[in-house]
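Position in the sequence shown counted from 1, then plus 599, gives you the working numbering.
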Amino acid sequence: MKLFFVALWGWVACISSAFADSFIGDEFSANVDISTDSVVYENVMFRPGVVNVNDTLDFVNNGRVNTMFSICDGCQIFIHNSGDFVADFSLGNNSRVIQVVAGADEWKPIDADVKYTLMIDGVDGLNLGNGLNGDSLNNIILKDSVLNISDVILMSGVNIDLRGDIVLMADDLGGLYDMPIIGNVSGDGRVRIVSNNENPLYADVSYLVDNQLFVKRVRETDYKKIFDNDMGVFLNNLRVQRPDDGLVRALDVAPDMDALHRVMARSVRMNPELLLRPVRMLGEFNKFTTGGGTGIDADFDIVFSDNFYSYGMGAGIGGNFEKLEFRIGLHFGDMEYESELDSFNGLYYGLNLSANYLMKRNLFVYGMANVIRFDFDVGNVFYDGEIINNPSAVYVGGVADFGYRHEFSDSFYVAPFVGLDTVGTIVADVSDVDIRGRVGVDVGYAYQMLGISYDYGVGVNANSDNEIMVNARAGVWSEYDGAGANIGFAVSRMFDIYSYKISVGGRVWF
600 MKLFFVALWG WVACISSAFA DSFIGDEFSA NVDISTDSVV YENVMFRPGV
650 VNVNDTLDFV NNGRVNTMFS ICDGCQIFIH NSGDFVADFS LGNNSRVIQV
700 VAGADEWKPI DADVKYTLMI DGVDGLNLGN GLNGDSLNNI ILKDSVLNIS
750 DVILMSGVNI DLRGDIVLMA DDLGGLYDMP IIGNVSGDGR VRIVSNNENP
800 LYADVSYLVD NQLFVKRVRE TDYKKIFDND MGVFLNNLRV QRPDDGLVRA
850 LDVAPDMDAL HRVMARSVRM NPELLLRPVR MLGEFNKFTT GGGTGIDADF
900 DIVFSDNFYS YGMGAGIGGN FEKLEFRIGL HFGDMEYESE LDSFNGLYYG
950 LNLSANYLMK RNLFVYGMAN VIRFDFDVGN VFYDGEIINN PSAVYVGGVA
1000 DFGYRHEFSD SFYVAPFVGL DTVGTIVADV SDVDIRGRVG VDVGYAYQML
1050 GISYDYGVGV NANSDNEIMV NARAGVWSEY DGAGANIGFA VSRMFDIYSY
1100 KISVGGRVWF
């Protein structure tokens, strides 16, 4: 008897603990009152007559429970079960039974004779379909957990309340698309689907229809997630800044990663060196095959191609010294570029020098140097891991030709030539220098009538990069007035793109 009271006193002392009541006996028949958090240890059989729950508390079972619980009015019992739990419940007004699963060791159902709630809170890696088989289960709360799902979860009469951030992991969703995978869903939680999808351009997402959770596969447009680097951040920011940008639209419909990279390879935003195409186009149109005339000249020109347009003006002064003709000129203008991927404009201005020296036996040497600066209004571009705002470019070009001018008459001549063609460009720290061989011919017809001089000509040249240019010109000059006008038309093929130049100008001399 003395030993019984000692054991009973030890048990009462444990149950009165401020932190938790520990049930250590193997079996009890008396009623038990608990008011604080309580624990049944492993390998312990807890079987009193009635457990009176007098306050809201946590009840942790690591052993075996087989009893009856009487819950006070307005009280809640939170059951953490990693053992065997069989119980009847007598519920007071507004009292509730809640099983809490906060880890893998608590993922065991309870056997209760009343409706209860299952709360899965902060769990990682458990299969959502396992353990949801309690006949009395009427409400499930999923809160801030990462759970595996392998099949449809439709439980009649059981509400699933979503709270916080829920991640559902699935090895294969192929048979679950466009059908409800979880029924009777409520709450404002956010559900993210993670599957074994091997295409990073597509994502599995959840959506609700009539309180049922569905899964569908959609095109992923979060490029930070796709690339996991600064380039992805740049593309996401571009979408925010320019939601209708052609590059963004094209990327969003690319079916795979190869197509995605092909799109980016065609955009100046991802390859600012592509800005050099219009730069070189304008620069090459300023490579002449003959020297300028004496006097002061000015012209207006338009250059265009399928997606490029520019208009500009130029002015220069030319003269001659015995057999040497020379010219120095300035030019400037505005350009616009628009394609399915890019849209930008810019300003350009530059200087060109040319000279033509006629030697004995109608041999000649022609040289030209041309420098142009371009300031682009293109916004941000991405190059070598860095974001560059409105890069500028510089073009430097020149030719050195040696030829023979064969005069068939006083009016008609043919002048074939060979030479070197050089071009250097730099944009966004990307530089390129080319030296190419070049060959061409200039054909002219000039005559005078009643003090008026007429000059017509056609020129063709090509270089070793398979770039070709054809130009035609016509001019009329009044020797009496010391003034004249000219028009010109040129066609070039560069980068397998044809572009055109139309110019109108005039010249005066003293």
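Don't be surprised by glycine CBs; every beta carbon is placed ideally from N, CA and C.
Computed from a predicted model, the values in this text were never measured in an experiment.
- Each residue's CA atom was taken as its position, placing Tyr965 and Val1040 some 13 Å apart.
- In the structure shown, Met778 falls within a coil segment according to DSSP collapsed to helix, strand and coil.
- Taken atom to atom, the span from the alpha-carbon of Pro854 to that of Ile1101 is near 42 Å.
- With a cutoff of 8 Å on beta-carbon distance, Gly1056 and Gly1043 are scored as near each other.
- Pairing Ile740 with Lys707, the inter-Cα distance amounts to about 16 Å.
- Scanning its chain for C-beta atoms nearer than 7 Å, with the 5 sequence neighbours on each side dropped, one finds around Tyr1053 the residues Ala1045, Tyr1046 and Val1075, in chain order.
- With respect to the 8 Å criterion, Ile781 and Ile759 are classified as neighbours on the basis of their beta carbons.
- Around the beta-carbon of Asn642, fewer than 16 other beta-carbon atoms lie within 10 Å, marking it exposed.
- Cβ contact annotation for Phe1094 (same chain, cutoff 7 Å, sequence separation greater than five): Arg876, in chain order.
- Rounded to whole angstroms, the gap between the alpha carbons of Asp803 and Leu859 is 19 Å.
- Listed in chain order, the non-local C-beta contacts of Asn906 below 8 Å within the same chain comprise Tyr936, Glu937 and Ser938, local neighbours out to five positions each way being set aside.
- By the neighbour-count criterion, in which a residue is buried when 16 or more other Cβ atoms sit within 10 angstroms of its Cβ, Ala703 is exposed.
- In the three-state scheme derived from DSSP, where H, G and I count as helix and E and B as strand, Met880 is classed as helix.
- According to the DSSP assignment, Tyr822 belongs to the alpha helix (DSSP H) that extends over Tyr822 to Phe826.
- Contact annotation: Leu946 and Asp974 have beta-carbon atoms nearer than 8 Å.
- Looking at the DSSP output, Thr635 sits in no beta bridge, so it has no partner there.
- Gly1043 sits in a strand when the DSSP states are folded into three classes.
- The three-state reading of DSSP puts Pro871 in helix, counting H, G and I together.
- Take Val1022, set aside five residues on each side of it, and the residues of its chain with a beta-carbon closer than 6 Å to its own are Gly996 and Asp1033, in chain order.
- When the Cα atoms are used, Ser991 and Gly918 turn out to be separated by approximately 34 Å.
- Asp857: member of the alpha helix (DSSP H) spanning Met856 to Ala864, first to last residue.
- Where Phe973 is concerned, the enclosing beta strand (DSSP E) starts and stops at Leu962 to Asp976.
- When the five nearest sequence neighbours on each side are left out, the beta carbons in the same chain lying within less than 7 Å of the beta carbon of Gly928 are those of Gly913, Ala914, Gly915 and Asn951, in order along the chain.
- C-alpha of Lys823 to C-alpha of Ile986: approximately 15 Å in a straight line.
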